[in-house]
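In the working numbering, the protein residues as written are 9 to 113.
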């Protein structure tokens with residue numbers, strides 16, 4: 009389960025988990041498990057030499073916005089093609105909490 013500012017934004021029983029050197033495990037969720045109506049497209053992008061180019065979203069809760077806390081790789085490199093179009097959340101950002109099996113991740 010993912011909460012942003014104590015509001016549940018995603019619940020999934022089918023994440024794909026990627027581990028990267030120096031980073032916590034990243035949980036990539038299908039968009040069907042995310043409250044997409046709460047996401048606002050961002051102009052932020054980034055490039056990962058292992059995964060490709062990422063697009064970002066912010067989460068809007070009422071008048072409050074958590075900037076760039078969600079990302080996805082629309083066309084990842086073939087080595088990680090299973091994450092194509094899946095969404096991940098920055099659990100390190102203020103106000104974002106990720107729970108796995110009822111425990112903070």
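Think of the CB as a built atom: it goes at the ideal place given N, C-alpha and C, for glycine as much as any other residue.
Taking the CA atoms as reference points, residue 101 sits about 12 Å from residue 66. Taking C-beta atoms under 8 Å as the contact rule, residue 36 and residue 74 fail to qualify, at a distance of about 18 Å.
For residue 113, no beta strand (DSSP E) run applies, since DSSP gives it neither H nor E. The beta carbons of residue 60 and residue 84 sit about 5 Å from each other, so the pair counts as a contact at 8 Å. Ranking 40, 64, 30 and 13 by CA distance to the CA of residue 55 puts 64 first. Closest by C-alpha distance to residue 42, out of 53, 16 and 29, is 16. Residue state for residue 28 is assigned as coil, using DSSP reduced to three classes.
The three-state reading of DSSP puts residue 39 in helix, counting H, G and I together. In this structure, residue 53 lies near residue 62, with their beta-carbon atoms less than 8 Å apart. C-alpha of residue 44 to C-alpha of residue 79: approximately 12 Å in a straight line.
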